[in-house]
DNA sequence: TGAAATGTTGGGGCG
DNA sequence: ACGCCCCAACATTTC
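Numbering (my numbering), first residue to last: 72 to 551.
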């Protein structure tokens, strides 16, 4: 007799209903994580990206250590999920299975296969810690899923009650004998060429670090979020996205932390200044609801009038964007931050995304795939909605005529050039006024700063004014 | 969670 | 002193 807890993208012990329920059963608990080649192969649907695999490796190590401190283990297995769980259940005489639902199409299909295979012999319990509110609960007056964020957010604020925090169990009952487990390295999550080491240096991975960062943020920068969130050189955002994606913290814990921080400051309710960040948590929730209700949007535009949109197929231009060699400093700085840290500031994400979809005219999936592979926080729901929002083909998307001007955005949100100089040291000696658009700087100024366009730094790959007009023409024609 | 084009206004230079 | 024009500053409209 035992209980299985199947860990997925919920790599934590606190606020974890499946683990809590398993511990309450009184039976020995078998925590397991499965790396499934059928889900992760080259022909699988959005298999885990390269950067995400690195994070996953370290997060699993952290979760294993945390379980060990509670007298338990994290079993690791490599194989088809349903078969692995089936075998484990037979070997240990398990009578029930607990796990948290996911909303990604492939993950939901997998859950269905698991339930079909194990449902007759085991009590299969699906929990919903990944979301604040179950996807079936929030609906418009006509019963449709929300497709506009603002009413979604209003409804969420009115109806959501986070309840009380669910602490981590102090001990997890162990079986008399542990079944076999593979070593973490066997999962092969780390790259052969160890490019991951400098990337992970910038992060502390795992539940303990995530909770510490959450509390620091909730009691500190969260109170100034709206005033500082748009400035990539300022330490004003939470950087919690990878932790949230891997479930090292839950969105409910995020909500509760903000409430607790407000209470600790002597406030009865969460002040307006701290709501800005919860609004971002709600964007994440909104993206999950959309992907659940419109699962085809992971690969296709939500809006029908974009079905035959004339995206420009220019692999060389996309490659320049990927490498941060567009000649537009704010774009290049962002793409290099992404490549070197596995993360990019949100304001800069919008700028580089607008540049790819509007200026270059590339298909939004080109951007989505690159982000998917390079971001530590790559999340199918957020990534899909973010890119479709930028391209104008998603729910509540940016109007087609909204085209970011990279130079103006740069001057507005990095006025002193601190962010640009950090990621583009070859431009560091340019006066700030010229830093945002070296392509328009006087030759003497460039020479004085040691910048040679086309050799030390690329000349602009396109004329933004002309690219903007071309994008407007394409988009206007496509409007139904 | 834009930006450019176009419109309006009012202060100041100047004949 | 007056009217005219220029244009910066701001507001509105349009893409």
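Note that the Cβ used here is the ideal one computed from N, Cα and C, for glycine as well.
Residues near residue 382 in its chain [Cβ-Cβ closer than 7 Å; skip 5 each side]: Within the first chain, residue 382 is the residue found at index 311, counting from 1. Counting only Cβ-Cβ distances below 7 Å, and skipping sequence neighbours, we find 432, 433, 434.
Anyone know if the C-beta pair for residue 276 and residue 130 falls short of 9 Å? Counting from one through the first chain, the residue named residue 276 turns up at place 205. Counting from one through the first chain, the residue named residue 130 turns up at place 59. In this structure, residue 130 lies closer than 9 Å to residue 276 by Cβ.
Local conformation of residue 369 per DSSP, three classes: Reading the first chain from its first residue, position 298 is the one you call residue 369. Here residue 369 sits in helix by DSSP.
According to DSSP, residues forming a beta bridge with residue 453: In the first chain, residue 453 corresponds to position 382, counting from 1. Paired residues: none, contrary to the question.
Per DSSP, which one or two residues make a beta bridge with residue 76? Within the first chain, numbered from 1, the residue matching residue 76 stands at position 5. Paired residues: 102, 169.
Within 10 angstroms of the Cβ of residue 125, are there 16 or more other Cβ atoms? Answer buried if so, exposed if not. In the first chain, residue 125 corresponds to position 54, counting from 1. Taking all protein chains shown into account, residue 125 has 16 or more neighbouring C-beta atoms within 10 Å of its C-beta and is therefore buried.
Pull up the distance between the alpha-carbon of residue 259 and that of residue 463, whole angstroms please. In the first chain, the residue the question calls residue 259 occupies position 188. In the first chain, the residue the question calls residue 463 occupies position 392. Between residue 259 and residue 463, the alpha-carbon positions lie close to 38 Å from each other.
Please report the distance separating the alpha-carbon of residue 420 from that of residue 475. Residue numbering aside, residue 420 sits at position 349 when the first chain is read from its first letter. Residue numbering aside, residue 475 sits at position 404 when the first chain is read from its first letter. Approximately 11 Å, taken between the alpha carbons.
Exposure label - residue 264; buried when at least 16 CB within 10 Å: Translated into positions along the first chain, residue 264 becomes position 193. With fewer than 16 other Cβ atoms within 10 Å, it is exposed.
Can you list, in chain order, the residues of its chain whose CB lies under 8 Å from that of residue 491, leaving out five sequence neighbours each side? For this step, residue 491 is matched to residue 420 along the first chain. By the criterion of a C-beta distance shorter than 8 Å, residue 491 is surrounded in its chain by 400, 401, 404, 481, 485, 498, 506, 507, once the five residues flanking it on both sides are discounted.
Just to confirm the assignment, what range does the beta strand (DSSP E) spanning residue 195 have? Indexing the first chain from 1 puts residue 195 at position 124. It spans 194 to 198 - the beta strand (DSSP E) in which residue 195 sits, taken as one unbroken run.
Would a C-beta distance cut-off of 9 Å place residue 120 and residue 368 closer than the cut-off? Here residue 120 refers to the residue found at position 49 of the first chain. Here residue 368 refers to the residue found at position 297 of the first chain. No, Cβ-Cβ distance for residue 120 and residue 368 is not below 9 Å.
When we look at the beta-carbon of residue 108 and count the other beta-carbons within 10 Å, is it buried (16 or more) or exposed? In the first chain, residue 108 corresponds to position 37, counting from 1. The residue is exposed, with fewer than 16 neighbouring Cβ atoms inside 10 Å.
If you draw a straight line from the alpha carbon of residue 540 to that of residue 437, how long is it in whole angstroms? Mapped onto the first chain, residue 540 falls at position 469. Mapped onto the first chain, residue 437 falls at position 366. Approximately 22 Å, taken between the alpha carbons.
Spatial neighbours of residue 535 within its chain, please: CB distance less than 8 Å, with the 5 preceding and 5 following residues excluded, ordered by chain position. Counted from its first residue, the first chain places residue 535 at position 464. So the list reads 399, 430, 476, 477, 478, once near-sequence residues are dropped.
By the 10 Å Cβ neighbour count, where 16 or more other Cβ atoms means buried, how is residue 318 classified, buried or exposed? Taking the first chain and counting its residues from 1, the one referred to as residue 318 is at position 247. Flag for residue 318 reads buried.
With three or more beta-carbon pairs closer than 8 Å as the criterion, would you say the segment 277 to 290 touches the segment 143 to 162? Between the segment 277 to 290 and the segment 143 to 162, the count of Cβ pairs shorter than 8 Å is below three; the stretches do not touch.
Which residues in the same chain as residue 169 place their Cβ atom closer than 6 Å to its Cβ, once the five residues preceding and following it in sequence are excluded? Position 98 of the first chain, counting from 1, holds the residue named residue 169. So the list reads 76, 89, 92, 93, 196, once near-sequence residues are dropped.
Which of helix, strand or coil DSSP assigns to residue 148: Within the first chain, the letter at position 77 stands for residue 148. Three-state DSSP puts residue 148 in a strand.
What are the uninterrupted segments assigned as alpha helix (DSSP H) that are 4 or more residues long and contained completely in the segment 209 to 278, given in chain order? 220 to 230, 267 to 272
What number of angstroms, rounded off, separates the C-alpha of residue 83 from the C-alpha of residue 105? The count along the first chain starts at 1 and reaches residue 83 at position 12. The count along the first chain starts at 1 and reaches residue 105 at position 34. Their backbone Cα atoms lie some 15 Å apart in a straight line.
Note the first and the last residue of the continuous alpha helix (DSSP H) segment covering residue 405. Within the first chain, residue 405 is the residue found at index 334, counting from 1. Element bounds for residue 405: 400 to 412.
Considering residue 135, what are the terminal residues of the alpha helix (DSSP H) in which it resides? Position 64 of the first chain holds residue 135. Element bounds for residue 135: 121 to 139.
Contact between the segment 306 to 316 and the segment 447 to 465 (3+ Cβ pairs under 8 Å): At 8 Å Cβ cutoff, the stretches touch.
Cross-strand partners of residue 528 (DSSP beta bridge): The residue labelled residue 528 in the question sits at position 457 within the first chain. DSSP output for residue 528 lists 524 as bridge partner(s).
By DSSP, does residue 338 sit in helix, in strand, or in coil? Within the first chain, residue 338 is the residue found at index 267, counting from 1. Coil, per DSSP.
Quick check: the Cα distance between residue 256 and residue 132, rounded to an integer number of angstroms? Residue mapping note: residue 256 aligns to position 185 of the first chain, counting from 1. Residue mapping note: residue 132 aligns to position 61 of the first chain, counting from 1. Near 10 Å, if we compare the C-alpha coordinates of residue 132 and residue 256.
Are the beta-carbon atoms of residue 201 and residue 309 separated by less than 9 Å? Along the first chain, one-based indexing puts residue 201 at 130. Along the first chain, one-based indexing puts residue 309 at 238. Not in contact: residue 201 and residue 309 (Cβ atoms no closer than 9 Å).
Using 10 angstroms around the beta-carbon of residue 496, count the other beta-carbons present and answer buried if the total reaches 16, otherwise exposed. Here residue 496 refers to the residue found at position 425 of the first chain. Exposed.
Would you call residue 456 buried or exposed, if buried means 16 or more other Cβ atoms sit within 10 Å of its Cβ? As a working note, residue 456 is residue 385 in the first chain. Residue 456 comes out buried.
Would you say residue 366 and residue 205 are within 9 Å of each other, going by their C-beta atoms? What you label residue 366 is simply residue 295 of the first chain in a count that begins at 1. What you label residue 205 is simply residue 134 of the first chain in a count that begins at 1. No, Cβ-Cβ distance for residue 366 and residue 205 is not below 9 Å.
Helix, strand or coil: how does DSSP classify residue 417 here? As a position in the first chain, residue 417 is number 346, starting the count at 1. DSSP places residue 417 in helix when its eight states are reduced to three.
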